[in-house]
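> What follows is a structure written as structure tokens; I'll ask about it next.
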Amino acid sequence: MATLSLSKDDLPTIKLKNEDDLVVSPFLGIEKGAVLQECRIFNDLHLKPRKCVDALVRLLYLVGHGERLSSTEATEVFFSITKLFQSNEPTLRRLVYLSIKELAGAADEVIIVTNCLMKDVNSREDMYRANATRVLCRITDSQMVSQIERYLKQEIVDRNPVVASAALVSGQHLLLHNKGDVVRRWISEITQALEHPSPMVQYHALALLYQIRQHDRLAVSKLVQGLARSGIRSAFACCLLIRSILRIIGETYASESTSERRPFFEFIESCLRHPSDMVVCEAARSIISVPGISREEVKKTVTIVNSHLLRRSSVVRHAALRILNKATYLYPNQQWFDPFDFEDFLHDKNRAITTLAIATVLRGAREQTIEGFLKKIQSKFMELPDEFRVQIVEAVHSLVLKYPNSYYSLLNFLGSSLREEGGFEFKRAVVDAYFSLLNEIPQSKEICLSHLCEFIEDCEHPFLSARILHLLGQEGPKMSQPGKYIRYIYNRIILENAAVRAAAVSSLARFLDENSTSKTRKAIVVLLKQCLHDSDDEVRDRASYFLSQCQRMADEENSLIKIDEGEEPVSSPTTIKEFPQLPYSLPELENSLVDYLSREDFNEEFDVVNVPKAVASLGASEHMTTTDIPGKTEESNVDTDDWGNVSLASSSQTKEMPGWRNANSLLSEIEELASLGTPLKTSLSAELTEPETEYNVSYVKHTYRQYIVLEFIIVSTLEDQILENVQVVTDLSSIEGLQLVKNIPVSLLKYGSPQHAFVILQRLEGFYPIGDAPCEVRYVVKEMNPSTGEVDDKGFDEEYKLEDLSFGISDYMVPLQQTNARFKDIWDKFGSQNEVRETFALSMHQSIPSALNAVRDFLGMTVVEGGQVSTYATQHISLFGGSLVTETDCIWVVCYAEFVKEPDAVILNLTVRSEDLNVSELVCSAIA
Amino acid sequence: MLSSIWEQLLSWLKSLFFEQEMELAVLGLQNAGKTTLVNLFATGTFTEDRIPTVGFNLRKVRKGGVTLKVWDLGGQQRFRSMWERYCRGVNVIVFVLDAVDKERFSTAKLELLEILQRPSLANIPLLFLANKSDLPGALTDPQEIIQTFDLKSIKDREVAVYSVSAKNRTNIDTVLRWLIMHNKKPVKLNSNEQSNGI
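In order, the protein sequence lines correspond to chains A and B.
Each residue of the first sequence is one higher than the last, beginning at 1 in our numbering.
Each residue of the second sequence is one higher than the last, beginning at 1001 in our numbering.
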């Protein structure tokens, strides 16, 4: 670095802005083209080192700032740089090293400098030797590595620490990039380097040794044992050792086989008295995460950590706080410190520390102390920047969930923070917290809504306003005084922009349900009528739509009352609540409309009956998974979440989705698939191979009306071959009702780049094939030289066995997005004549939640009600809804599931109703 | 600023009076003895049994008031495509042949003609050295060499052929003298000069 800054100062372009002493960057306005042009001077017969240095600095600046050089550009400039090896100027040589490292990825044939670098590795200058070693490992490939191996081996035991470290670190790079199995043969040299007087070398040697042996538990234990006994000089190495011990302890704990439960634990404990703060923190952090540690031990550790809270270094204080935060998170029922000791931290210069301190105290606070503490932090809270406030809001949020009874004071805190100045992210975090609390703590609804109403009165984010208005429309009518909210909503119609006004109109219309009094109805109709004169189309459209619905509803009700006067009208078939939810799947409706318009044959009317009815949206089930597993996540994401907030990690189900998010776009790109339309449903991806095998294959199923498309993602992990004509062949003989239509292979599969192959299957009419089908990949394999890219022309046919594909009822079931009220209607409508009842013992499951999730996934349905249940529940009732795909339409299926927990199984009483008795039977029989 | 002007002035003066520089590119198939020859030029001593050159070597040799900058290029297959990059702008291209390894004569010929037909290397004189003349069975007769490698067909540049031995230092001084004579940028020549090895 020193040389870099030196050369910058020498640049003629440096400018001082008059007396301000404001240095304008010497790199201001430099361009790739000009710099590449400048680099041609490297080819001159008479080299001018100083000019070359300038040019290289500029080049490095460009590359360092993300400028992309094309492969030709990089190669061209790389080769001219190789000519700079003729100069022995140390500054220039150093820049040459740096440039080669930067260009190694983009340029071709970088191997050409091997000889020059080897000469430097063998030179007498230590600076050359160390740097050249690092560069050499970057440019070398798996073939060349054997030629440079012996130099590296020598350097590892070199007396100069810089040289030894360079060789050790290079060894790590070689291993990481799969270039050098040779590294594994250096064990004796590396072990020797462990004894090196320089702590740095010891650290690097340990890291490399661990990297080589990490998969061999016994070897790691031996290594740790030796070092723990002989002691370590390097603090970094010590931390590394603590981490590997923690891993060993974790593995021992999991295997439960050995007699010694906590190997080497004494070493970690002894590190608590290490002179280096870093080691102490690392040891403390490890001790509290040791599985099965006793409370006394944690307490002892926390006492030591507490003493570090008063250190002068912000880093140490922050590290100590993080450990306390983690302790609070792992052992929530214990208070690890007195919140009033933390007042000092509120005034800490470092805001990150302040925030972390507040979050920690909030997490561990006792119910009685919350209120006082919130008052204390209120003023400090306002001074913090948004991203820190978001953290605190999230901490408050999880605190409310923990102590639902003290929601009042916590909501007040949130309410006042809503009134504060703040950016969008901050406000959104607060609003999110409100939304979640509203659902979690029903008794807080009233206050939440009033806070939110107040907020939208003066909210500068239309997005948030619209969300809140929607919520008001949903919840407002159910509250004791709906009229109150109508006023707030109508204010928006007068004051806001079009998007918010439109949302407000929809929200207003939701108040027109069966429970509303005729007085409010009249009032709303008046308000809606005023909106007919709005300047915006959307607002007017919505207003007139709702007005007409309202009219229809009134007519029907009148007629109902006329017919069965005296009797209570059975829930009227068309309440306005339903109308915003069309009984059609929107994408399909859109497709049909587009199709109709493109045909340009307008003699025939567009008939909405032809549009398949089904609500194919995964949205509902996604929502379920994010809320129904808070108990489970608590232990699993300990390491990832430093703040320890309940950022409820969604279950594996939603986590897998992003990888396939582009699936639909890919489907529409391939002609054969595009002609099938859009899939009604896409399953979750499933692996067909074990991890760490030659090829990785996973697949998803796309369900269409008559077809099932299997999409395979295939990744090859073999660097030295390419695969051609890769196709997945399935044997469908054991499954009745499925026919192969087309197999779309991958024409070329290269190392590391995932490719998609498809299999289109047709479902014969009336069949819902269920079962497993064996399958394998077939391909032509060709040898390839990974460094030159030369491909052997001769190929061989080969096949690779995959795990079986499985088809289940969930592949033909689309989750239903319907409200609870709707469920009852459907249930009653189908009646008992289409009902099938069955009892199952689910012996695989020990708790109701796991059984519930399994049934839901198995059936592919939505949990309409009863999605959340405690792990310890002994009885539970859930309602499921879904629609079975048929050739032309969808058949709704609804299930009433009763779970009873028995000692060794979960008993499921399932009642299925649908439009068709056969379908009910099908669903029931699928479970068996 | 000042120092860089100084530097430029100095190097200009140097080039005027006492230093003349020339660049050579030494190529040929692997194990032809390129690195050994270059070492001999540089140090005047013969050292056998070198490891193959991975990439290139750079040597600076001072001979008779001329500094020779020698790019000694690796002869393995994978480096041959890169020869051209280092031949651009040199004063002389030196092609070294293993005169004993008759099996690979055809490969050598192919590679030589391939590199010479590059437009960027037009007119650069070629010095063809048949090395290892000390070994039995070596091809040493220049006429025969010219015929085998069809050197007469090269019309657009000056070509010189010597049979040399790095080990016995046969013809090495002659070659150096020839090289030093060519320290000017090439002029277009049509005549073929041939010298005879003793």
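Glycine residues also receive a C-beta, built at the ideal position from the N, C-alpha and C atoms.
1) Which term fits Tyr490/A, buried or exposed, when burial requires 16 or more other beta carbons within 10 angstroms of its beta carbon?
2) For Ile148/A versus Ala104/A, is the C-beta spacing smaller than 8 Å?
3) Is there a Cβ of chain A sitting closer than 8 Å to that of Glu1023/B, yes or no?
4) Please report the Cβ distance between Val224/A and Leu208/A, rounded to the nearest whole angstrom; I am assuming they are in contact, meaning their Cβ atoms lie under 8 Å.
5) If the cut is a Cβ gap below 7 Å, which residues of chain B does Glu109/A touch?
6) Have a look at the DSSP bridge pairing and note the partners of Phe840/A.
7) Looking at Thr191/A and Ala930/A, is the spacing between their C-beta atoms short of 8 Å?
8) Check His308/A in the structure and name its three-state DSSP category.
9) At a CB-CB cut-off below 7 Å, which residues of chain B make contact with Ile112/A?
10) Should Phe424/A be labelled buried (16 or more other beta-carbon atoms within 10 Å of its own) or exposed?
11) If we cut at 8 Å on Cβ distances, does Gly1074/B have a partner in chain A?
12) Just mark Cys924/A as buried or exposed, buried being the case when its beta carbon has 16 or more other beta carbons within 10 Å.
13) Give me the chain A residues within the contact set of Glu1114/B, using Cβ-Cβ distance strictly less than 7 Å, ordered along the chain.
14) When we look at the beta-carbon of Glu102/A and count the other beta-carbons within 10 Å, is it buried (16 or more) or exposed?
15) Is the CB of Glu1007/B under 8 Å away from at least one CB in chain A?
16) Distance cutoff 8 Å, beta carbons only. Does Leu136/A sit that close to anything in chain B?
17) Answer yes or no: does any C-beta atom of chain B fall closer than 8 Å to that of Thr640/A?
18) Take Glu367/A and list the residues in its own chain whose beta-carbon comes closer than 6 Å to its own, dropping the five residues that flank it on each side.
19) Can you tell me which of the three DSSP states Asn1131/B falls into?
20) Would you please state the rounded distance, in angstroms, between the beta carbons of Asp126/A and Val157/A? I believe it to be under 8 Å.
21) For Lys750/A, collect the residues of the same chain with a Cβ closer than 6 Å to its Cβ; drop the 5 residues on either side in sequence, then sort them by chain order.
22) I want to know whether the stretch 760-775 of chain A touches the stretch 798-811 of chain A - three or more CB-CB distances under 8 Å.
23) Suppose contacts are defined by Cβ-Cβ distances below 8 Å. Is Glu724/A in contact with Ser753/A by that definition?
24) Which residues in chain B have a C-beta closer than 8 Å to the C-beta of Thr788/A? List them in chain order.
25) Output needed in chain order: residues of the stretch 144-177 of chain A with a Cβ under 7 Å from some Cβ in chain B.
26) Can you name the start and end residues of the alpha helix (DSSP H) that Cys775/A belongs to?
27) If Val709/A sits next to Phe758/A, beta carbons under 8 Å apart, how far is it from one beta carbon to the other, in whole angstroms?
28) With DSSP run on the structure shown, which of helix, strand or coil describes Gln739/A?
29) Assign Leu922/A to one of two classes, buried (16 or more other C-beta atoms within 10 Å of its C-beta) or exposed (fewer than that).
30) Return the chain-ordered ranges of every beta strand (DSSP E) run that is complete within the stretch 843-880 of chain A and spans a minimum of 3 residues.
31) Which residues, taken in chain order from the stretch 57-87 of chain A, show a beta carbon closer than 7 Å to some beta carbon of chain B?
32) Taking the DSSP output, what are the residues bridged to Pro815/A?
33) Thinking just about the alpha-carbon of each residue, which of His215/A, Met784/A, Phe388/A is nearest to the one in Lys794/A?
34) Step through the CB atoms of chain B and report whether any lies within less than 8 Å of the CB of Lys48/A.
35) Straight-line CA distance for Gln739/A to Val777/A?
36) So Tyr707/A and Val741/A are supposed to be a Cβ contact under 8 Å. How far apart are they, rounded?
Taking the definition as stated:
1) The residue given as residue 490/A occupies position 490 in the first sequence. By the neighbour-count rule (16 or more Cβ atoms within 10 Å), Tyr490/A is buried.
2) As a working mapping, residue 148/A is identified with position 148 in the first sequence. As a working mapping, residue 104/A is identified with position 104 in the first sequence. No, the Cβ-Cβ distance between Ile148/A and Ala104/A is not below 8 Å.
3) To locate residue 1023/B, count along the second sequence from 1; it is residue 23. Taking Cβ atoms only, chain A reaches closer than 8 Å to Glu1023/B, which makes this a yes.
4) Numbered from 1 along the first sequence, position 224 holds the residue referred to as residue 224/A. Numbered from 1 along the first sequence, position 208 holds the residue referred to as residue 208/A. So it is not a contact: roughly 15 Å between Cβ atoms.
5) Position 109 of the first sequence holds residue 109/A. The contacting residues are Met1082.
6) Counting from 1 along the first sequence, the entry for residue 840/A is found at position 840. For Phe840/A, which the question treats as bridged, DSSP gives the partners Leu908/A.
7) A question about residue 930/A goes unanswered here, because the residues of chain A that appear run from 1 up to 928.
8) The count along the first sequence starts at 1 and reaches residue 308/A at position 308. Secondary structure of His308/A (DSSP, three-state): helix.
9) Taking the first residue of the first sequence as position 1, residue 112/A is located at position 112. What Ile112/A touches in chain B, judged by beta-carbon distance under 7 Å, is Gly1055, Phe1056, Phe1079, Met1082, going in chain order.
10) Looking up residue 424/A in the first sequence gives position 424. Label assigned to Phe424/A: exposed.
11) Here residue 1074/B corresponds to residue number 74 of the second sequence, with the count starting at 1. Under the Cβ distance rule, Gly1074/B counts among the residues neighbouring chain A, one pair being separated by less than 8 Å.
12) Locating residue 924/A in the first sequence gives position 924, counting from the first residue. Under this definition Cys924/A is a buried residue.
13) Looking up residue 1114/B in the second sequence gives position 114. Within 7 Å Cβ-Cβ: nothing; Glu1114/B doesn't reach chain A, min ~17 Å.
14) Looking up residue 102/A in the first sequence gives position 102. Glu102/A is buried by the Cβ-count criterion.
15) The residue labelled residue 1007/B in the question sits at position 7 within the second sequence. Chain A, which has a Cβ nearer than 8 Å to the Cβ of Glu1007/B, makes this yes.
16) By one-based count along the first sequence, residue 136/A stands at place 136. No, because no Cβ of chain B sits closer than 8 Å to the Cβ of Leu136/A.
17) As a first step, residue 640/A is located in the first sequence; it is residue number 640 there, counting from the start. Residue placement at Thr640/A is flagged as unreliable, the pLDDT there being 35, under the threshold of 50; the coordinate-derived value follows with that caveat. No, no contact with chain B.
18) On the first sequence, residue 367/A is found 367 positions in, with the first residue counted as 1. So the qualifying residues of the chain are Tyr403, Ser406.
19) Position 131 of the second sequence, counting from 1, holds the residue named residue 1131/B. In the structure shown, Asn1131/B sits in a strand (DSSP, three-state: E or B).
20) To locate residue 126/A, count along the first sequence from 1; it is residue 126. To locate residue 157/A, count along the first sequence from 1; it is residue 157. Between Val157/A and Asp126/A the Cβ distance is about 15 Å, and since that is not below 8 Å, they are no contact.
21) Working through the first sequence from its first residue, we reach residue 750/A at position 750. Around Lys750/A: Ile722.
22) Yes, they touch.
23) By 1-based counting over the first sequence, the position of residue 724/A is 724. By 1-based counting over the first sequence, the position of residue 753/A is 753. No; because the gap between Cβ atoms is not below 8 Å, this pair is not in contact.
24) Here residue 788/A corresponds to residue number 788 of the first sequence, with the count starting at 1. For a Cβ distance threshold of 8 Å, residue set Arg1078 of chain B lies close to Thr788/A, ordered along the chain.
25) Within the stretch 144-177 of chain A, the qualifying residues are Met144, Gln147.
26) Position 775 of the first sequence, counted from the first residue, corresponds to residue 775/A. Run containing Cys775/A: none in the alpha helix (DSSP H); it sits in the beta strand (DSSP E), 771-784.
27) As a position in the first sequence, residue 709/A is number 709, starting the count at 1. As a position in the first sequence, residue 758/A is number 758, starting the count at 1. Taking the Cβ atoms as the reference, Val709/A lies roughly 6 Å from Phe758/A, within the contact range of under 8 Å.
28) The count along the first sequence starts at 1 and reaches residue 739/A at position 739. DSSP, reduced to helix, strand and coil, places Gln739/A within a strand of the structure shown.
29) Taking the first sequence and counting its residues from 1, one reaches residue 922/A at position 922. Residue burial annotation: Leu922/A is buried, with at least 16 other C-beta atoms found within 10 angstroms of its C-beta.
30) Complete beta strand (DSSP E) runs here, min 3: 862-865.
31) Residues of the stretch 57-87 of chain A with a C-beta less than 7 Å from any C-beta of chain B: Phe79, Phe85, Gln86, listed in chain order.
32) As a first step, residue 815/A is located in the first sequence; it is residue number 815 there, counting from the start. DSSP lists Gly882/A as partners of Pro815/A.
33) Against the first sequence, residue 794/A aligns to sequence position 794. It is Met784/A.
34) Counting from one through the first sequence, the residue named residue 48/A turns up at place 48. Chain B, which has a Cβ nearer than 8 Å to the Cβ of Lys48/A, makes this yes.
35) Along the first sequence, one-based indexing puts residue 739/A at 739. Along the first sequence, one-based indexing puts residue 777/A at 777. Their Cα atoms are separated by approximately 18 Å.
36) As a working mapping, residue 707/A is identified with position 707 in the first sequence. As a working mapping, residue 741/A is identified with position 741 in the first sequence. The distance from the Cβ of Tyr707/A to that of Val741/A is about 7 Å, consistent with a contact at the 8 Å cut-off.
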